[in-house]
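Residue numbers (the working numbering), protein chains in the order written: chain A, 1 to 98; chain B, 99 to 196. Cβ coordinates follow ideal geometry from the N, Cα and C atoms, glycine included.
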DNA sequence: GCAATACATCAGTTCTCGCTGATATCACAA
DNA sequence: TTGTGATATCAGCGAGAACTGATGTATTGC
């Protein structure tokens with residue numbers, strides 16, 4: 001279901017978190033510091049991202065490291081690319097109105 | 099701003115409309131029939147999609163034909179692909195906790 | 001001209017979802 | 001073991017977005 005992935009990516013804070021994690025693995029305290037958002041808020045978003053398979057978490061002492069998983073992003077990129085291809089291929093097709 | 103494009107794609111009805119338009123150009127009455135949604139609702143969504151440059155509209159008598167524009171979809175697909183690439187490239191990078 | 005169809009617009013209602021505040025848990029240090 | 005810092009969870013609130021209903025505007029057919 002790429003629609004759920006799209007919904008998760010469409011939030012500014014979640015997008016920012018994923019952008020930060022694309023550069024390096026970070027723990028929650030880093031993400032709170034970088035985004036300026038509250039701890040609760042960041043933690044809630046990370047939960048959603050983890051459940052959707054967009055990030056993976058790795059406990060490290062009292063810290064928790066988060067890493068961006070590329071699989072869902074690639075799936076989505078491919079799907080969007082396919083839709084764009086189809087639009088070009090069928091640009092002349094037109095269903096007639098009765 | 100791909101975030102606005104993401105937000106528009108994240109709605110089930112809008113996604114369905116774009117999926118239908120990827121196969122062929124359709125007028126509003128077709129989209130109402132195919133989706134089962136109300137005329138007002140479809141028209142409102144088409145307005146948003148048009149303003150965002152995701153579809154283009156062409157008046158044809160009393161009908162209005164809509165066509166899917168691939169540009170924004172490609173941009174988004176490329177952006178997501180780049181993020182996925184970055185995640186793979188920096189998978190070993192890890193910011194230390196103090 | 002008149003009725004009907006296709007479509008757009010706007011105000012209002014409903015509902016989803018992001019944010020907050022309070023609380024719980026766990027690890028580490030003194 | 002007591003305290004502190006890092007993180008997770010949950011209930012409730014509020015802003016925003018989707019959907020509806022009413023209305024307006026063309027265009028076509030009679």
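Only those residues of the segment 99 to 122 of chain B whose C-beta falls short of 8 Å from the nearest C-beta of chain A are listed: 101, 104, 105, 107, 108, 110, 113, 116, 117, 119, 120, 121 and 122.
Cα atoms of residue 39 (chain A) and residue 13 (chain A): separation of roughly 13 Å, rounded to the nearest angstrom.
The Cβ atoms of residue 8 (chain A) and residue 54 (chain A) lie closer than 8 Å to each other. Interface criterion met: the Cβ of residue 70 (chain A) is under 8 Å from a Cβ in chain B. Secondary structure remark: continuous alpha helix (DSSP H) runs of at least 4 residues inside the segment 38 to 86 of chain A, in chain order: 39 to 51. If you draw a straight line from the Cα of residue 188 (chain B) to the Cα of residue 148 (chain B), it comes to about 37 Å.
In the three-state reduction of the DSSP assignment, residue 27 (chain A) falls in the strand class. Residues 106 of the same chain have their beta carbon placed closer than 7 Å to that of residue 146 (chain B), with the five preceding and five following residues left out of the count.
Straight through space, the alpha carbons of residue 122 (chain B) and residue 92 (chain A) are spaced by roughly 8 Å. Residue-level contact check: residue 41 (chain A) does not touch chain B, since none of the beta carbons of chain B fall below 8 Å from its beta carbon. Excluding sequence positions up to five before and after residue 43 (chain A), its CB lies within less than 8 Å of the CB of 28, all in the same chain and listed in chain order. Rounded to whole angstroms, residue 132 (chain B) and residue 114 (chain B) show a C-alpha spacing of 9 Å.
Remark: C-beta atoms of residue 175 (chain B) and residue 80 (chain A) approach each other more closely than 8 Å.
One alpha carbon belongs to residue 73 (chain A), the other to residue 124 (chain B), and they sit about 30 Å apart. Counting other Cβ atoms within 10 Å of its Cβ, residue 168 (chain B) reaches 16 or more and is therefore classed as buried.
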